[in-house]
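See structure below.
Residue numbers (my numbering): 355 to 482.
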């Protein structure tokens with residue numbers, strides 16, 4: 355029985371593990387296309403694939419430029435872990451009763467920057 359690169363213990367669900375492996379694989383392919391080959395067409399196609407899979411471009415960019423050896427799973431994991439923790443925290447916060455109430459009433463939740471609010475106000479006043 356082949357064990358491959360599947361760990362015996364991993365955090366999160368199996369689908370989260372598969373998603374992480376897909377992101378890591380695409381990042382490796384992008385690193386090869388952009389840094390080693392300089393292949394613009396392949397790089398653009400890979401970025402389009404990432405967009406089609408709804409992958410966060412900031413996550414991929416962080417992995418591209420934050421990891422020296424993209425073939426090192428431990429290095430990829432170390433750079434990706436803080437991103438996943440931020441996503442979990444944001445998801446947890448979005449599920450709070452106050453956040454749900456803010457979405458229903460159209461008010462901004464606590465912690466939203468004033469610049470975002472000012473931009474939204476400006477957009478609202480410029481509507482016909």
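Every residue, glycine too, gets a C-beta built ideally from N, C-alpha and C.
With a cut-off of 8 Å on Cβ pairs, the stretch 424-437 is in contact with the stretch 371-390, counting three or more such pairs. Residue state for residue 404 is assigned as helix, using DSSP reduced to three classes. A Cβ-Cβ contact shorter than 8 Å links residue 417 with residue 430. The alpha-carbon separation between residue 444 and residue 420 amounts to approximately 22 Å. By the neighbour-count criterion, in which 16 or more other beta carbons inside 10 Å mark a residue as buried, residue 404 falls on the buried side. Straight through space, the alpha carbons of residue 366 and residue 402 are spaced by roughly 27 Å.
With contacts defined as CB atoms closer than 8 Å, residue 453 and residue 461 fail to qualify as a contacting pair. When only Cα atoms are considered, residue 392 and residue 406 end up about 22 Å apart.
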